[in-house]
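Peer 1:
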Amino acid sequence: MVEHLITRDQACAGYSAAHAPVLTVAPGAGDRIVFETDDAAYAQMEQHRDLATITATLNPVTGPVYVEGAEPGDALAVTIHDITMAEHGWSVHIPGAGALTARMGEDFFVRRIPVVDGTVRLTDTVSCPAQPMIGCIGVAPRHGTMSTVMPSYVTGGNMDLTDARPGSTVYLPVQVAGALLAIGDLHAVMSRGESSFVAIEIAGRATVSVDLVKGRNLRAPQIDTGPEWVCVGIGDPVQESVRMAYEAMFDLLVDDHGFHPDDAYVVMSALAHTELGGPTGSRDPDPLHPFRPVGAVTLARIAKDVLRSVR
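According to the working numbering, the sequence shown is numbered sequentially starting from 32.
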(Lines of atoms letter the chains of each structure in order from A; the text may use other names.)
(Lines give C-alpha, C1' and ligand atoms only; values in the text may rest on other atoms or scores of the structure.)
Protein backbone atom coordinates (compact mmCIF):
# COMPACT_ATOMS: atom_id res chain seq x y z
CA MET A 32 0.00 0.00 0.00
CA VAL A 33 1.30 3.44 -0.98
CA GLU A 34 0.49 6.51 1.11
CA HIS A 35 0.45 9.98 -0.44
CA LEU A 36 0.51 13.15 1.68
CA ILE A 37 -0.98 16.34 0.24
CA THR A 38 -0.03 19.22 2.52
CA ARG A 39 -2.18 22.20 3.38
CA ASP A 40 -0.09 24.52 1.23
CA GLN A 41 -1.55 22.67 -1.77
CA ALA A 42 -5.04 24.03 -1.27
CA CYS A 43 -7.63 25.83 -3.39
CA ALA A 44 -10.36 28.34 -2.64
CA GLY A 45 -12.92 26.37 -4.66
CA TYR A 46 -13.63 23.42 -6.94
CA SER A 47 -12.91 23.89 -10.64
CA ALA A 48 -11.92 21.85 -13.68
CA ALA A 49 -9.31 24.56 -14.31
CA HIS A 50 -7.32 23.64 -11.18
CA ALA A 51 -4.20 21.63 -11.97
CA PRO A 52 -4.06 18.32 -10.09
CA VAL A 53 -1.41 17.94 -7.39
CA LEU A 54 -1.55 14.14 -7.47
CA THR A 55 -2.65 11.39 -9.85
CA VAL A 56 -3.80 8.00 -8.55
CA ALA A 57 -5.24 4.80 -9.97
CA PRO A 58 -8.67 3.84 -8.61
CA GLY A 59 -8.98 0.61 -6.65
CA ALA A 60 -5.21 0.27 -6.14
CA GLY A 61 -5.54 0.66 -2.38
CA ASP A 62 -3.40 3.80 -2.21
CA ARG A 63 -4.09 5.95 0.84
CA ILE A 64 -4.30 9.69 0.24
CA VAL A 65 -3.75 11.96 3.25
CA PHE A 66 -5.30 15.44 2.89
CA GLU A 67 -3.87 17.95 5.36
CA THR A 68 -6.15 20.89 6.20
CA ASP A 69 -5.69 24.14 8.10
CA ASP A 70 -7.64 26.48 10.35
CA ALA A 71 -5.82 29.74 9.62
CA ALA A 72 -9.02 31.69 9.01
CA TYR A 73 -10.32 30.87 12.50
CA ALA A 74 -7.03 31.85 14.12
CA GLN A 75 -7.31 35.21 12.34
CA MET A 76 -10.89 35.58 13.55
CA GLU A 77 -9.66 35.12 17.11
CA GLN A 78 -7.01 37.77 16.54
CA HIS A 79 -9.03 40.39 14.64
CA ARG A 80 -12.72 39.61 15.29
CA ASP A 81 -13.57 41.36 12.03
CA LEU A 82 -14.40 39.40 8.88
CA ALA A 83 -13.16 42.26 6.69
CA THR A 84 -9.60 41.78 7.99
CA ILE A 85 -9.44 38.02 7.37
CA THR A 86 -6.88 37.24 4.67
CA ALA A 87 -6.82 33.44 5.02
CA THR A 88 -9.19 31.40 2.84
CA LEU A 89 -12.35 30.24 4.61
CA ASN A 90 -12.76 26.50 4.05
CA PRO A 91 -9.79 25.88 1.75
CA VAL A 92 -9.83 22.44 0.14
CA THR A 93 -6.62 20.48 -0.35
CA GLY A 94 -5.97 19.03 -3.79
CA PRO A 95 -7.27 18.33 -6.34
CA VAL A 96 -6.46 14.68 -7.04
CA TYR A 97 -6.78 13.31 -10.57
CA VAL A 98 -8.24 9.79 -10.63
CA GLU A 99 -7.19 7.81 -13.69
CA GLY A 100 -10.09 6.58 -15.82
CA ALA A 101 -12.74 8.74 -14.14
CA GLU A 102 -15.14 10.06 -16.76
CA PRO A 103 -18.43 11.98 -16.76
CA GLY A 104 -21.22 9.59 -15.83
CA ASP A 105 -19.11 7.62 -13.36
CA ALA A 106 -19.28 7.76 -9.57
CA LEU A 107 -16.14 8.31 -7.50
CA ALA A 108 -16.17 6.21 -4.32
CA VAL A 109 -14.18 7.90 -1.54
CA THR A 110 -13.68 5.70 1.52
CA ILE A 111 -12.71 7.61 4.68
CA HIS A 112 -10.27 5.59 6.76
CA ASP A 113 -9.06 8.00 9.43
CA ILE A 114 -9.17 11.61 10.61
CA THR A 115 -6.50 12.94 12.97
CA MET A 116 -6.96 16.31 14.61
CA ALA A 117 -5.00 19.19 16.13
CA GLU A 118 -4.95 19.75 19.89
CA HIS A 119 -7.71 22.36 19.74
CA GLY A 120 -10.54 23.44 17.48
CA TRP A 121 -12.71 26.54 17.25
CA SER A 122 -16.27 27.61 17.96
CA VAL A 123 -17.01 30.86 16.17
CA HIS A 124 -20.03 33.11 15.74
CA ILE A 125 -19.76 35.09 12.51
CA PRO A 126 -22.31 37.92 12.68
CA GLY A 127 -25.10 37.27 10.20
CA ALA A 128 -24.35 33.56 9.81
CA GLY A 129 -26.39 30.64 11.07
CA ALA A 130 -29.77 30.16 12.72
CA LEU A 131 -28.75 31.83 15.99
CA THR A 132 -27.56 35.19 14.70
CA ALA A 133 -30.58 36.97 16.22
CA ARG A 134 -29.59 35.57 19.61
CA MET A 135 -25.84 36.12 19.31
CA GLY A 136 -25.97 39.67 17.96
CA GLU A 137 -23.43 41.59 15.90
CA ASP A 138 -20.27 40.84 17.87
CA PHE A 139 -17.77 38.16 16.89
CA PHE A 140 -17.53 35.28 19.33
CA VAL A 141 -14.47 32.99 19.21
CA ARG A 142 -13.58 30.20 21.62
CA ARG A 143 -10.69 27.75 21.45
CA ILE A 144 -11.98 24.25 22.11
CA PRO A 145 -9.44 21.76 23.53
CA VAL A 146 -9.47 18.24 22.11
CA VAL A 147 -7.70 15.91 24.52
CA ASP A 148 -7.52 12.11 24.34
CA GLY A 149 -10.54 11.91 22.06
CA THR A 150 -12.65 14.27 24.19
CA VAL A 151 -13.92 17.67 23.05
CA ARG A 152 -14.12 20.11 25.98
CA LEU A 153 -16.94 22.41 24.94
CA THR A 154 -17.24 24.34 28.23
CA ASP A 155 -15.85 24.07 31.74
CA THR A 156 -18.58 21.57 32.56
CA VAL A 157 -19.67 20.02 29.23
CA SER A 158 -17.52 17.63 27.19
CA CYS A 159 -18.32 15.07 24.51
CA PRO A 160 -16.50 12.37 22.56
CA ALA A 161 -14.80 13.55 19.38
CA GLN A 162 -16.66 12.48 16.23
CA PRO A 163 -14.41 13.79 13.46
CA MET A 164 -15.90 14.34 10.00
CA ILE A 165 -15.21 16.04 6.69
CA GLY A 166 -17.19 19.19 5.94
CA CYS A 167 -15.96 19.77 2.36
CA ILE A 168 -15.65 16.75 0.08
CA GLY A 169 -16.32 17.00 -3.62
CA VAL A 170 -15.18 16.86 -7.22
CA ALA A 171 -14.98 19.52 -9.91
CA PRO A 172 -18.14 20.70 -11.69
CA ARG A 173 -18.54 20.60 -15.45
CA HIS A 174 -18.64 24.40 -15.64
CA GLY A 175 -17.49 27.26 -13.45
CA THR A 176 -16.18 27.19 -9.88
CA MET A 177 -17.91 25.72 -6.83
CA SER A 178 -17.69 27.67 -3.57
CA THR A 179 -16.27 25.95 -0.50
CA VAL A 180 -18.62 27.93 1.75
CA MET A 181 -22.09 27.71 0.22
CA PRO A 182 -24.13 26.31 -1.41
CA SER A 183 -23.83 22.54 -1.62
CA TYR A 184 -23.65 21.12 -5.14
CA VAL A 185 -24.62 17.91 -6.90
CA THR A 186 -20.89 17.09 -7.08
CA GLY A 187 -20.42 17.68 -3.34
CA GLY A 188 -18.52 20.60 -1.83
CA ASN A 189 -19.33 22.04 1.58
CA MET A 190 -22.08 19.56 2.47
CA ASP A 191 -21.34 19.49 6.24
CA LEU A 192 -22.72 15.99 6.72
CA THR A 193 -21.91 14.09 9.91
CA ASP A 194 -22.06 10.89 7.84
CA ALA A 195 -18.80 11.84 6.09
CA ARG A 196 -16.77 10.18 8.83
CA PRO A 197 -14.26 7.34 9.21
CA GLY A 198 -15.81 4.07 8.08
CA SER A 199 -18.05 5.72 5.47
CA THR A 200 -17.75 5.73 1.70
CA VAL A 201 -18.91 8.89 -0.07
CA TYR A 202 -20.08 8.49 -3.69
CA LEU A 203 -19.67 11.62 -5.84
CA PRO A 204 -20.99 12.15 -9.40
CA VAL A 205 -18.09 12.67 -11.82
CA GLN A 206 -18.57 15.52 -14.32
CA VAL A 207 -15.01 16.04 -15.64
CA ALA A 208 -12.17 13.73 -16.65
CA GLY A 209 -10.17 12.66 -13.60
CA ALA A 210 -12.91 13.79 -11.18
CA LEU A 211 -10.50 16.21 -9.38
CA LEU A 212 -11.22 15.32 -5.74
CA ALA A 213 -10.49 17.89 -3.03
CA ILE A 214 -11.11 17.77 0.73
CA GLY A 215 -11.13 20.31 3.57
CA ASP A 216 -13.09 21.80 6.49
CA LEU A 217 -12.60 19.12 9.14
CA HIS A 218 -14.75 19.14 12.28
CA ALA A 219 -13.97 17.59 15.67
CA VAL A 220 -17.70 17.18 16.29
CA MET A 221 -20.83 18.67 14.72
CA SER A 222 -24.52 18.53 15.50
CA ARG A 223 -26.67 17.35 12.61
CA GLY A 224 -27.78 20.41 10.68
CA GLU A 225 -25.03 22.62 12.18
CA SER A 226 -27.22 25.26 13.84
CA SER A 227 -24.51 27.91 13.98
CA PHE A 228 -23.12 27.32 10.44
CA VAL A 229 -19.82 26.71 12.25
CA ALA A 230 -19.19 23.43 14.09
CA ILE A 231 -16.11 22.66 16.17
CA GLU A 232 -13.79 23.52 13.31
CA ILE A 233 -10.33 21.98 13.46
CA ALA A 234 -7.15 21.46 11.48
CA GLY A 235 -6.03 17.92 10.81
CA ARG A 236 -5.49 15.16 8.30
CA ALA A 237 -8.08 13.01 6.54
CA THR A 238 -6.94 9.69 5.07
CA VAL A 239 -9.00 8.24 2.21
CA SER A 240 -8.80 5.80 -0.68
CA VAL A 241 -10.64 6.04 -4.00
CA ASP A 242 -12.37 3.71 -6.41
CA LEU A 243 -14.64 4.10 -9.41
CA VAL A 244 -18.11 2.81 -10.20
CA LYS A 245 -18.23 3.04 -13.97
CA GLY A 246 -21.48 4.29 -15.48
CA ARG A 247 -23.20 4.94 -12.16
CA ASN A 248 -24.67 8.28 -13.09
CA LEU A 249 -25.78 9.71 -9.73
CA ARG A 250 -27.89 12.85 -9.51
CA ALA A 251 -26.20 13.88 -6.24
CA PRO A 252 -23.87 12.38 -3.60
CA GLN A 253 -24.70 9.22 -1.68
CA ILE A 254 -23.02 7.78 1.41
CA ASP A 255 -22.57 4.22 2.63
CA THR A 256 -22.07 4.59 6.39
CA GLY A 257 -21.86 0.85 7.06
CA PRO A 258 -25.18 0.51 8.93
CA GLU A 259 -27.12 2.86 6.61
CA TRP A 260 -27.28 4.16 3.07
CA VAL A 261 -27.83 7.91 2.70
CA CYS A 262 -29.08 9.73 -0.42
CA VAL A 263 -28.58 13.49 -0.70
CA GLY A 264 -31.29 15.71 -2.18
CA ILE A 265 -30.65 19.30 -3.23
CA GLY A 266 -33.36 21.78 -4.21
CA ASP A 267 -35.30 24.98 -3.75
CA PRO A 268 -37.76 25.12 -2.07
CA VAL A 269 -37.09 22.52 0.58
CA GLN A 270 -39.81 20.24 -0.80
CA GLU A 271 -37.74 19.81 -3.97
CA SER A 272 -34.74 18.61 -1.98
CA VAL A 273 -36.99 16.16 -0.11
CA ARG A 274 -38.43 14.83 -3.37
CA MET A 275 -34.98 14.43 -4.93
CA ALA A 276 -33.66 12.52 -1.92
CA TYR A 277 -36.69 10.20 -1.88
CA GLU A 278 -36.47 9.59 -5.64
CA ALA A 279 -32.79 8.70 -5.30
CA MET A 280 -33.66 6.26 -2.51
CA PHE A 281 -36.46 4.71 -4.60
CA ASP A 282 -34.10 4.25 -7.57
CA LEU A 283 -31.52 2.69 -5.23
CA LEU A 284 -34.02 0.08 -4.07
CA VAL A 285 -35.43 -0.68 -7.52
CA ASP A 286 -32.45 -0.34 -9.86
CA ASP A 287 -29.58 -1.37 -7.59
CA HIS A 288 -31.19 -3.88 -5.25
CA GLY A 289 -33.97 -5.46 -7.29
CA PHE A 290 -37.04 -4.33 -5.37
CA HIS A 291 -40.32 -4.32 -7.26
CA PRO A 292 -41.47 -0.68 -7.44
CA ASP A 293 -44.56 -1.47 -5.37
CA ASP A 294 -42.43 -3.12 -2.69
CA ALA A 295 -39.99 -0.19 -2.70
CA TYR A 296 -42.90 2.19 -2.20
CA VAL A 297 -44.22 0.25 0.78
CA VAL A 298 -40.81 -0.27 2.38
CA MET A 299 -39.88 3.40 2.07
CA SER A 300 -43.16 4.49 3.62
CA ALA A 301 -42.22 2.52 6.72
CA LEU A 302 -38.43 2.51 6.91
CA ALA A 303 -36.89 5.39 4.91
CA HIS A 304 -36.25 8.50 7.00
CA THR A 305 -35.43 12.06 6.01
CA GLU A 306 -33.80 14.99 7.75
CA LEU A 307 -32.34 18.31 6.75
CA GLY A 308 -28.65 18.14 5.96
CA GLY A 309 -26.08 20.87 6.42
CA PRO A 310 -27.03 24.56 6.48
CA THR A 311 -25.44 25.58 3.19
CA GLY A 312 -28.49 25.52 0.92
CA SER A 313 -28.75 24.50 -2.72
CA ARG A 314 -28.37 27.81 -4.59
CA ASP A 315 -25.96 30.72 -4.44
CA PRO A 316 -26.98 32.98 -1.56
CA ASP A 317 -28.09 36.57 -1.96
CA PRO A 318 -24.82 38.51 -2.40
CA LEU A 319 -26.04 41.04 0.17
CA HIS A 320 -26.42 38.22 2.70
CA PRO A 321 -23.67 35.73 1.77
CA PHE A 322 -24.17 33.51 4.82
CA ARG A 323 -27.91 33.03 4.44
CA PRO A 324 -28.71 29.81 2.57
CA VAL A 325 -31.20 29.58 -0.27
CA GLY A 326 -32.90 26.24 -0.84
CA ALA A 327 -32.09 23.15 1.17
CA VAL A 328 -30.16 19.92 1.46
CA THR A 329 -32.15 16.85 2.55
CA LEU A 330 -30.89 13.40 3.51
CA ALA A 331 -32.90 10.22 3.00
CA ARG A 332 -31.54 7.23 4.92
CA ILE A 333 -32.37 3.56 5.19
CA ALA A 334 -30.81 0.64 7.05
CA LYS A 335 -28.60 -1.50 4.82
CA ASP A 336 -30.18 -4.64 6.30
CA VAL A 337 -33.31 -3.62 4.40
CA LEU A 338 -31.38 -3.33 1.14
CA ARG A 339 -30.04 -6.86 1.61
CA SER A 340 -33.46 -8.35 2.26
CA VAL A 341 -34.40 -9.04 -1.38
CA ARG A 342 -33.83 -12.68 -2.32
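All C-beta atoms in this analysis are idealised placements derived from N, C-alpha and C, irrespective of residue type, glycine included.
Taking only three categories from DSSP, how would you classify D81?
Peer 2: Stepping through the sequence shown from its first residue, residue 81 is reached at position 50. Note: D81 maps to coil in three-state DSSP.
Peer 1: Tell me the start and end of each unbroken alpha helix (DSSP H) in the segment 225–307 that is at least 4 residues and wholly inside, in chain order.
Peer 2: Segments of the alpha helix (DSSP H) lying fully in the segment 225–307: 269–282 and 292–302.
Peer 1: R134 lies in the alpha helix (DSSP H); which residues open and close that run?
Peer 2: Position 103 of the sequence shown, counted from the first residue, corresponds to residue 134. Here the alpha helix (DSSP H) through R134 covers T132 to M135.
Peer 1: Is there a C-beta anywhere in chain B that falls below 7 angstroms from the one on Q270?
Peer 2: The chain inventory of the structure shown lacks chain B, comprising one protein chain alone.
Peer 1: On the DSSP letters alone, give me the boundaries of the beta strand (DSSP E) that D113 sits inside.
Peer 2: Here residue 113 refers to the residue found at position 82 when the sequence shown is read from its first residue. A106 to M116 is the extent of the beta strand (DSSP E) around D113.
Peer 1: Which partner residues of L217 appear in the DSSP bridge assignment?
Peer 2: As a working note, residue 217 is residue 186 in the sequence shown. Paired residues: I165.
Peer 1: What residues are listed by DSSP as bridge partners for I125?
Peer 2: On the sequence shown, position 94 is the one that residue 125 refers to. The partner list for I125 (beta bridge, DSSP) is empty, contrary to what the question assumes.
Peer 1: In the DSSP assignment, find the alpha helix (DSSP H) that holds L153 and state where it starts and stops.
Peer 2: As a first step, residue 153 is located in the sequence shown; it is residue number 122 there, counting from the start. Note, L153: premise wrong, no alpha helix (DSSP H); not H, not E.
Peer 1: In angstroms, rounded to a whole number, what distance separates the CA positions of D294 and H304?
Peer 2: For the purposes of this step, residue 294 is identified with residue 263 of the sequence shown, where counting begins at 1. For the purposes of this step, residue 304 is identified with residue 273 of the sequence shown, where counting begins at 1. Approximately 16 angstroms between the Cα atoms of the pair.
Peer 1: Where does M177 fall in DSSP's three states?
Peer 2: By one-based count along the sequence shown, residue 177 stands at place 146. In this structure, DSSP gives M177 an extended state, which the three-state scheme calls strand.
Peer 1: What residue from F322, A334 and T329 has the CA that sits closest to M299's CA?
Peer 2: Within the sequence shown, residue 299 is the residue found at index 268, counting from 1. The shortest C-alpha separation from M299 is found at A334.
Peer 1: Confirm, please, whether the CB-CB distance from R332 to V325 is below 7 angstroms.
Peer 2: As a working mapping, residue 325 is identified with position 294 in the sequence shown. As a working mapping, residue 332 is identified with position 301 in the sequence shown. Going by C-beta atoms, V325 is not nearer than 7 angstroms to R332.
Peer 1: Nearest-angstrom Cα distance between G264 and V273?
Peer 2: On the sequence shown, residue 264 is found 233 positions in, with the first residue counted as 1. On the sequence shown, residue 273 is found 242 positions in, with the first residue counted as 1. Their backbone Cα atoms lie some 6 angstroms apart in a straight line.
Peer 1: Could you say which of T329, A219 and F228 lies nearest to I7 if we only look at CA atoms?
Peer 2: The chain is shown from 32 up to 342; residue 7 falls before or after that span and cannot be answered.
Peer 1: What's the call for C43, buried or exposed, on a 16-neighbour Cβ count within 10 Å?
Peer 2: Here the question's residue 43 lines up with position 12 in the sequence shown. Answer is buried; the Cβ neighbour count reaches 16.
Peer 1: Along the chain, where does the alpha helix (DSSP H) that runs through L338 open and close?
Peer 2: One-based indexing of the sequence shown puts residue 338 at position 307. Counting along the chain, the alpha helix (DSSP H) containing L338 begins and ends at K335 to L338.
Peer 1: In this structure, what does DSSP give as the bridge partners for T93?
Peer 2: Mapped onto the sequence shown, residue 93 falls at position 62. In the DSSP output, where bridge partners are listed per residue, T93 has A42 and I214.
Peer 1: What span of residues does the beta strand (DSSP E) with F140 cover, start to end?
Peer 2: One-based indexing of the sequence shown puts residue 140 at position 109. Segment F140 to V147, the beta strand (DSSP E) holding F140.
Peer 1: Short check: CB of I85 to CB of G120, under 7 angstroms?
Peer 2: Taking the first residue of the sequence shown as position 1, residue 85 is located at position 54. Taking the first residue of the sequence shown as position 1, residue 120 is located at position 89. No, they are not a contact pair.
Peer 1: So, using beta-carbon positions, are G215 and P91 closer together than 7 angstroms?
Peer 2: Against the sequence shown, residue 215 aligns to sequence position 184. Against the sequence shown, residue 91 aligns to sequence position 60. Cβ atoms of G215 and P91: closer than 7 angstroms.
Peer 1: Sorted by chain position, which residues of the same chain lie with C-beta nearer than 7 angstroms to M280's C-beta, five sequence neighbours on each side aside?
Peer 2: Here the question's residue 280 lines up with position 249 in the sequence shown. Counting only Cβ-Cβ distances below 7 angstroms, and skipping sequence neighbours, we find C262, M299, A303, A331 and I333.
Peer 1: So is T154 buried or exposed if we call it buried at 16+ other beta carbons inside 10 Å?
Peer 2: Residue numbering aside, residue 154 sits at position 123 when the sequence shown is read from its first letter. Classification for T154: exposed.
Peer 1: Inspect the beta-carbon positions of M164 and V123 and report whether they are closer than 7 angstroms.
Peer 2: For this step, residue 164 is matched to residue 133 along the sequence shown. For this step, residue 123 is matched to residue 92 along the sequence shown. Contact: no.
Peer 1: Report yes if the CB atom of P252 is closer than 7 angstroms to the CB atom of G166, and no otherwise.
Peer 2: Within the sequence shown, the letter at position 221 stands for residue 252. Within the sequence shown, the letter at position 135 stands for residue 166. Going by C-beta atoms, P252 is not nearer than 7 angstroms to G166.
Peer 1: Taking 6 angstroms as the limit between beta carbons, can you name the residues of its chain near D105, skipping five residues before and five after?
Peer 2: Position 74 of the sequence shown, counted from the start, is the residue given in the question as residue 105. Taken in chain order, the residues that qualify are V205, L243 and K245.
Peer 1: Closer than 8 angstroms by C-beta to L89: which residues in its own chain qualify, once you throw out the five before and the five after it? Chain order, please.
Peer 2: For the purposes of this step, residue 89 is taken as the residue at position 58 of the sequence shown. A72, T179 and V180, listed in sequence order.
Peer 1: State the start and end residues of the unbroken beta strand (DSSP E) segment that holds E34.
Peer 2: Numbered from its first residue, the sequence shown carries residue 34 at position 3. Taken as a continuous stretch (DSSP letters only), the beta strand (DSSP E) holding E34 covers E34 to I37.
Peer 1: Among residues of its own chain, excluding the 5 on either side of G59, which ones have a beta-carbon nearer than 6 angstroms to its beta-carbon?
Peer 2: Numbered from 1 along the sequence shown, position 28 holds the residue referred to as residue 59. Only D242 meet the Cβ criterion.
Peer 1: When the Cα atoms are used, what is the spatial distance from V255 to G100?
Peer 2: Along the sequence shown, one-based indexing puts residue 255 at 224. Along the sequence shown, one-based indexing puts residue 100 at 69. As written in the sequence, residue 255 is Asp, which differs from the Val given in the question. For D255 and G100, the distance between alpha carbons rounds to 22 angstroms.
Peer 1: What is the DSSP secondary structure of V49, reduced to helix, strand or coil?
Peer 2: Taking the first residue of the sequence shown as position 1, residue 49 is located at position 18. Residue 49 is actually Ala in this sequence, not Val. Three-state DSSP puts A49 in coil, outside helix and strand.
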